[in-house]
Structure formats: structure tokens, C-alpha cells
Amino acid sequence: NAGVTQTPKFQVLKTGQSMTLQCAQDMNHNSMYWYRQDPGMGLRLIYYSASEGTTDKGEVPNGYNVSRLNKREFSLRLESAAPSQTSVYFCASSDRGQVTQYFGPGTRLLVL
Amino acid sequence: GDSVTQMEGPVTLSEEAFLTINCTYTATGYPSLFWYVQYPGEGLQLLLKATKADDKGSNKGFEATYRKETTSFHLEKGSVQVSDSAVYFCALSVNTGGFKTIFGAGTRLFVKA
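Now the structure itself:
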């Protein structure tokens, strides 16, 4: 039981490049989330998926897209990376009707 | 809108000292309240939670009481250890059709031997 896994762990991009961050959970959770963590700002919600087949914008969705590929997987795509997207990205999941979220280990992204 | 405010860090304590990290919140309705902990290089993990007023959450010697009258959920531990060094996040969750969780900025704790 791995919980929530994220790949890659670390990535360096040049401005304008694209990439996809992968997230998978093996807890059969319905809801999944993408956050970014910046110093002094806590975690901010980028997108979430309440259930398979649905996605919704969070607090800071601009510059990102998501895909809920199936119940297990929720990917985050940066189409044209910008230095302002340098951050640590966390994926999380939660069960239906449950408030507790379970987090992956994070992806550290540096955009030059 | 809903928000969480927690004390700025870093907080530096000696081993066996008493810890308090203050957290206050603003929310419509009746939120659930949480403390999450992030150890170096890892994701967040739930430390404790409380789902209604006057509930006390506790885990690993940490505790926090949901105070509706003061809109607070302060984290306390009677005797900290070096292994408690981490970043602590206060959070609230409200049911808006699905659950939306809002995090505070985090408080870094250093415990010296």
C-alpha cells in the first residue's frame, strides 16, 4: 500500500517548456487535489477532482490543466512553464464524505 | 472568505520545553479543524483533527481544542523532542458540496537538543 505517489521528484524546466506531473493513489479514494506550496503562503489549491470524470478550478488555476485519467490517477500539466510556477507541487486524495486528505511526497519544480 | 491565520515562525525551543502554536480561523458555517505536520523532504500528514466545537484532537502528545467562541485551534505539546522539528500547518475544511480545505501559512519548529 504505497498511498499517494508522485513523479518526478524534481524537475528543472526552461521558460516555455511543457511538462506533466503525475499522481496516483491506491486507497480507492474518490477525490484528488493538486496544491502548490510557496514560502510563507501555505498550500494553495490549483485544481481538484471530486470524483472520476469531474475536475474543478481551485484558487490558482491559471497556467495549469488537469486530467483525471481514472479513479487512481490525476495529472497536472504546465503547457508553457513560467518562472512564477517555480514551486513544490503536492497531490492529495480523500475518500467520499471524509475531510482528511492524504498527501504525496511532492514534486519540486524549478523554472529558469 | 474563509481563512486561517497561524503564528509566524520559526519557533526555536529546547528539548522538553512546552510548545504552543497559535491558530485562528474565519469561516462561514461549521468547519472541521486540522493540524498537519510536514517533516523535511516529505508531504503533509494529518497530526490531529476536531470536527465540532469543544472537541479536543490529540496524537503523539500533541493536542488542540476547537474553540468556537474564540475561533481558535491552538496546538500544544507539554514536552517537545528533537524529532518534533517540522513545519506545522493549521487548516480548516468546509463542506461546499465537496470538501474545501484551506491551509495556514505554516509554522516551522526547531527543537534543539
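First to last, the sequence lines map onto chains A and B.
Under my numbering, residue 694 is the last one in the first sequence; the count climbs by one each step, no gaps.
Under my numbering, residue 109 is the last one in the second sequence; the count climbs by one each step, no gaps.
No residue lacks a Cβ here, since even glycine has one placed at the ideal position from N, Cα and C.
For residue i, report the span of its beta strand (DSSP E) as first-last.
i	result
serine 657 of chain A	656 to 660
glutamine 593 of chain A	592 to 595
alanine 87 of chain B	82 to 91
glutamate 59 of chain B	58 to 61
lysine 108 of chain B	103 to 108
arginine 618 of chain A	613 to 619
threonine 689 of chain A	689 to 693
glutamate 72 of chain B	71 to 73
glycine 640 of chain A	From DSSP, glycine 640 of chain A is part of no beta strand (DSSP E); its letter is neither H nor E.
If I measure Cβ to Cβ from residue i and keep anything under 6 Å in the same chain, skipping five residues before and after, which residues do I get?
i	result
leucine 29 of chain B	Ala46, Tyr62, Phe69, Leu88
arginine 104 of chain B	Gly5, Pro6, Val83
alanine 593 of chain A	According to the sequence displayed, residue 593 of chain A carries glutamine and not alanine. Around glutamine 593 of chain A: Leu691.
serine 75 of chain B	Glu12
glutamine 2 of chain B	Cys19, Cys86, Gly100, Thr103
methionine 614 of chain A	Ser631, Phe656, Ser675
threonine 8 of chain B	Phe106
Could you give the distance in angstroms between the alpha-carbon of residue i and the alpha-carbon of residue j?
i	j	result
aspartate 51 of chain B	leucine 15 of chain B	20 Å
asparagine 55 of chain B	serine 662 of chain A	43 Å
serine 81 of chain B	alanine 109 of chain B	11 Å
glutamine 604 of chain A	alanine 23 of chain B	32 Å
glycine 635 of chain A	asparagine 610 of chain A	15 Å
tyrosine 646 of chain A	alanine 606 of chain A	18 Å
valine 33 of chain B	valine 90 of chain B	20 Å
proline 665 of chain A	valine 642 of chain A	15 Å
threonine 20 of chain B	arginine 626 of chain A	18 Å
proline 27 of chain B	glutamine 667 of chain A	30 Å
threonine 97 of chain B	glycine 585 of chain A	20 Å
glycine 640 of chain A	tyrosine 629 of chain A	5 Å
serine 649 of chain A	tyrosine 617 of chain A	15 Å
Spatial neighbours of residue i within its chain, please: CB distance less than 7 Å, with the 5 preceding and 5 following residues excluded, ordered by chain position.
i	result
glutamine 77 of chain B	Glu11, Val107
aspartate 620 of chain A	Ser669
glutamine 599 of chain A	Ala663
alanine 49 of chain B	Tyr62, Lys64
How should residue i be labelled, buried or exposed, when 16 other C-beta atoms within 10 angstroms of its C-beta is the threshold for buried?
i	result
proline 6 of chain B	exposed
arginine 678 of chain A	exposed
tyrosine 35 of chain B	exposed
leucine 651 of chain A	exposed
lysine 591 of chain A	exposed
Please compile the residues from chain A whose C-beta is within a distance smaller than 7 Å of the C-beta of residue i.
i	result
phenylalanine 99 of chain B	Gly624, Leu625
glutamine 41 of chain B	Phe685
Leaving out five residues before and five after residue i in sequence, what residues of the same chain have Cβ atoms less than 8 Å from its Cβ?
i	result
leucine 595 of chain A	Met601, Leu660, Ala663, Leu691, Leu692, Val693, Leu694
glycine 622 of chain A	none
aspartate 122 of chain B	As shown, chain B starts at -3 and ends at 109. That puts residue 122 of chain B outside it, with no answer to give.
Below 8 Å, is the gap between the Cβ of residue i and the nearest heavy atom of the ligand ZN?
i	result
glutamine 607 of chain A	The ligand ZN is not among the ligands present in this structure, which contains no ligands whatsoever.
Using a cut-off of 8 Å between C-beta atoms, extract the partners of residue i located in chain B.
i	result
threonine 682 of chain A	Phe30, Leu42, Lys45
Does chain C have any CB closer than 9 Å to the CB of residue i?
i	result
valine 0 of chain B	In the structure shown, chain C cannot be found, because the protein chains are A and B.
Using the beta-carbon of each residue, which ones in chain B are nearer than 9 Å to residue i?
i	result
phenylalanine 592 of chain A	None at all; the shortest Cβ gap to chain B is about 11 Å.
Taking C-beta pairs closer than 8 Å, name the residues in chain A that residue i reaches, listed in chain order.
i	result
serine 89 of chain B	Val681
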